[in-house]
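Asker: The structure that follows is given in the form of structure tokens.
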Amino acid sequence: MTHHDLLPTDERFDQIKHRVLEAIAVDDRRRTRKHRLVALGIAGSLALGTTAGAVAIAQAPQGQINYVADCYASADLNSRHATSAYLPGNQNAKTPTPLQERISLAEDMCEATWRIGTFSPGGSTANREFAVPNLQTCQLPDGRLGVFPSDLAANELCSKLGLTSPHA
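Have a look at this one:
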């Protein structure tokens, strides 16, 4: 056996990379949620929580707003979803990425997520490509984008979900 036989194929490496990035994103969301809860508790106990203050606390960092999107399995905020990060997006960015670029990146990332079978009953596989449904993008309350499968127009879907449409 040679050393190159021990290395994963490019496809397997991409799967491993995707799973690692997904695990990192899950840990990031947990940490972010914990920090938000602590921040909200402090703000509430100090009676400084105004509507504008609460929105600012709940706002995702600009780097995440620019380069992170949630891809949903159905047109429901409670449905299974995966967080995708555009690489090599700068997670420490302070300057907003133009909206159309953010939408395009989010939809491209979520199309790839669907294409590898993330939301298929059997899970992802390197052996086949899965169909991608019509995808619509809405703005999540923290400022990031959420991409949902739907035949509805984005503004109609976003309104139905209680979200704003980034197309507006």
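Using numbering that gives the first Met the number 0, read the sequence shown as starting at 0 and increasing by one per residue.
Backbone N, C-alpha and C define an ideal beta-carbon position, used for all residues, glycine too.
1) Are P140 and A57 closer than 8 Å when you measure CB to CB?
2) For the alpha helix (DSSP H) that contains T136, what are its first and last residues?
3) In terms of residues, what are the limits of the beta strand (DSSP E) holding D69?
4) Given K159, which residues of its chain have a CB within under 6 Å of its CB, disregarding the five upstream and five downstream residues?
5) Expressed to the nearest angstrom, what Euclidean distance is found between the alpha-carbon atoms of D107 and T8?
Answerer: Let me lay it out:
1) yes
2) First-last for T136: L134 to Q138, but that is the beta strand (DSSP E), not the alpha helix (DSSP H).
3) V67 to Y71
4) none
5) 24 Å
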